[in-house]
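Be aware that the sequence shown starts at 29, since it is given in our numbering, and climbs by one per residue.
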Amino acid sequence: MASRFRLQDLTFSAISAGFVAVLVGYTSSAAIIFQAAEAAGASVAQIGGWLSMLGLGMGVTSIGLSLYYRTPVVTAWSTPGAALLVTSLPGTSVNEAIGVFVFATELILLCGVTGLFARLMQYIPQALSAAMLGGILLRFGLDAFTSLQSNFALAGTMCLVYLLAK
């Protein structure tokens, strides 16, 4: 249930929690989005514009929904979807990639607003969904070990920090 926005709702803890959530949400998939744009043959300027527009869209929708519902709402892109783009965009022009991206966004919005996605997910077993996600993300997991050969210090440190934090 939505209620009116009040200025006293903007506390330091609310703002800092929102900042951290957005920072993690954005940076966790930025490398995959970068690879997807690179796979489509985008220039550095185009990749920068793509990431900027994604960030702006995430920011506007997150702020708008958070103010409307008076609870933190973070919108983000789909990491598995971005990973799928990396493997399917090579050989596609940048304009075609942007068109596919916009069309996919409209389909996702339509599925979310109509409740179609929730109804479809009832028919897909969770194990199958997990297996599909694993298949899409497998390449990125294996590439981490490949990068150990070319950039051992960086990849090794990242693996070590992950293991220590686990």
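Every residue, glycine too, gets a C-beta built ideally from N, C-alpha and C. Since the structure is predicted, the reported quantities are computational estimates derived from the model, not experimental observations.
Nonlocal neighbours in the same chain, by C-beta distance under 8 angstroms from residue i, ignoring five residues either side
i	result
Ala-42	Pro-100
Ile-75	Phe-62, Ala-65, Glu-66
Ser-44	none
Leu-138	Leu-144
Range covered by the alpha helix (DSSP H) that runs through residue i
i	result
Ala-68	Unbroken run through Ala-68: none, as it is neither H nor E.
Tyr-190	180 to 193
Val-102	It is not in any alpha helix (DSSP H) - Val-102 carries neither H nor E in the DSSP assignment.
Thr-133	122 to 142
Closest Cα partner of residue i within the set the options
i	options	result
Ala-49	Ala-73, Ser-94, Asp-37, Ser-71	Ser-94
Gly-69	Ala-111, Asn-123, Tyr-96	Asn-123
Proximity of residue i and residue j at Cβ, strictly below 8 angstroms
i	j	result
Gly-184	Leu-176	yes
Arg-98	Asp-37	yes
Leu-51	Ala-111	no
Cβ shell of residue i (< 6 angstroms), same chain only, five flanking positions each side left out
i	result
Thr-125	The identity of residue 125 in the sequence shown is Ala, whereas the question assumes Thr. Within the same chain, Ala-125 has close Cβ partners Ala-68, Leu-117.
Trp-78	Ala-65
Close-in-space but distant-in-sequence residues of the same chain around residue i (CB under 7 angstroms, 5 per side omitted)
i	result
Gly-8	Given that the chain is displayed from residue 29 to residue 194, the structure contains no residue 8 and the question cannot be resolved.
Worksheet item: Would you call the stretch 86 to 94 and the stretch 112 to 123 touching, i.e. three or more CB-CB distances under 8 angstroms?
Response: no
Q | Inter-stretch contact (C-beta, 8 angstroms, three-pair minimum) for the stretch 65 to 85 and the stretch 32 to 46 | A | no
*Counting Cβ pairs, one atom from each stretch, are 3 or more of them under 8 angstroms apart for the stretch 52 to 60 and the stretch 103 to 117?*
yes
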